[in-house]
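Position one of the sequence shown corresponds to residue 0 (numbering that gives the first Met the number 0), numbered consecutively onward.
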Amino acid sequence: MNKKRVAVLISGRGSNMAALIEAAKADDYPAEITLVVSNRPDAAGLARAREAGIATAIVDHTRFGEDREAFELALDAALAAQRIELVCLAGFMRRLTPGFVSRWSGRMLNIHPALLPQFKGLHTHRRALAAGVKRHGATVHFVVPEIDAGPIVAQDWIDVRDDDTEESLAARVLEIEHRIYPRALRALAEGRASLTSSRTQAT
Ligand code: GAR
0 MNKKRVAVLI SGRGSNMAAL IEAAKADDYP AEITLVVSNR PDAAGLARAR
50 EAGIATAIVD HTRFGEDREA FELALDAALA AQRIELVCLA GFMRRLTPGF
100 VSRWSGRMLN IHPALLPQFK GLHTHRRALA AGVKRHGATV HFVVPEIDAG
150 PIVAQDWIDV RDDDTEESLA ARVLEIEHRI YPRALRALAE GRASLTSSRT
200 QAT
C-alpha cells in the first residue's frame, strides 16, 4: 500500500498525535506519521514522538518575532524535507496565514474540542458548561483561512451530565478526539473525504 506521508503539528501534550501514531501502526492504515513538528521546544509531545521512532522538528515561532510568513516558510521547509503530503494540526496553537492555509488546502485537518460551529476558539468546555448545552463533543475539519470554520470531516458527542466540571468534560471529549481523528485522517488519506466547497464531500 502506498501510504500517505503525514506530519502532525503540535504545541503541547500530543495526546491526539499519539492516537494518530497508534492508529497508523495498523498494516491497513492508509497513512504513516512521518514527522512531528512543534512550535514549542518544550512540548511534551516531542518526547513521545521520539519514543515512537518518529522524526521531529522544532520550528520555534518566537525566533521569528511578528513575521508569521517567515515562520511558515520554515514550517514549509520542514514539511518539504520529509516530502509530507498531508498535515494534521493537533493542539497546534498558532494561527496560520491564508497563504499557508491555501498551500495545504484540502490536505490539512484540525481537531477542535467542541461541536463546531458551536464554541469556536478557546476554553470550549468552560463555555459549553456556561451555556448549559446538553451535548458537547469534538470535531475534525478541513483547515480554511477562517479559524475553526472549515468543512467538517468527523464529529462525535457525549451527553453533558449535571455534575460535569470543565475537567470531567475535557476528559470525556478527549476520548472522542482520540477516536475521531484517526477516522478522519483515514477518510482523507483514502480519498473518501475531499474539500470541494463549503462541505466535505464523503464518498
Ligand atoms: C485538544 O483537546 C485539541 O482538541 C485542542 O487542544 C488539545 C490538545 O491536546 N485544540 C484546540 O483547542 C485548537 N484550537 P493534545 O496535545 O493532547 O492533543
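We treat Cβ as the ideally placed atom computed from N, Cα and C, and that holds for glycine.
Everything numeric in this text was worked out from a predicted model, so none of it was measured.
Residue closest to V132, alpha-carbon to alpha-carbon, out of V143, L121 and Q117: For this step, residue 132 is matched to residue 133 along the sequence shown. Ranked by Cα distance from V132, the options V143, L121 and Q117 are led by Q117.
Residue range of the unbroken alpha helix (DSSP H) whose run includes I20: Taking the sequence shown and counting its residues from 1, one reaches residue 20 at position 21. That run of the alpha helix (DSSP H) goes S14 to A22.
N1 classed as buried or exposed, judged by whether at least 16 other C-beta atoms fall within 10 angstroms: Looking up residue 1 in the sequence shown gives position 2. It counts as exposed.
Rounded separation between R171 and R125 - CA only: What you label residue 171 is simply residue 172 of the sequence shown in a count that begins at 1. What you label residue 125 is simply residue 126 of the sequence shown in a count that begins at 1. Going from the Cα of R171 to the Cα of R125 covers about 14 Å.
Residue span of the beta strand (DSSP E) that contains L85, given as start and end: Here residue 85 refers to the residue found at position 86 of the sequence shown. That run of the beta strand (DSSP E) goes L85 to L88.
S193 (DSSP reduced to helix, strand or coil): Here residue 193 corresponds to residue number 194 of the sequence shown, with the count starting at 1. Of the three classes helix, strand and coil, the one that applies to S193 here is strand, per DSSP.
Endpoints, beta strand (DSSP E) assigned at G209: Lying outside 0 to 202, the shown extent of the chain, residue 209 is not represented and no answer is given.
For F141 and L108, believed in contact at Cβ under 8 Å, the rounded distance: By one-based count along the sequence shown, residue 108 stands at place 109. By one-based count along the sequence shown, residue 141 stands at place 142. Contact annotation, L108 with F141: C-beta distance approximately 6 Å; criterion of less than 8 Å satisfied.
Three-state class that DSSP yields for D75 in the structure shown: As a working note, residue 75 is residue 76 in the sequence shown. When DSSP states are grouped into helix, strand and coil, D75 belongs to the helix group.
Buried or exposed (CB count within 10 angstroms, at least 16 for buried), L78: In the sequence shown, the residue the question calls residue 78 occupies position 79. Burial call: buried.
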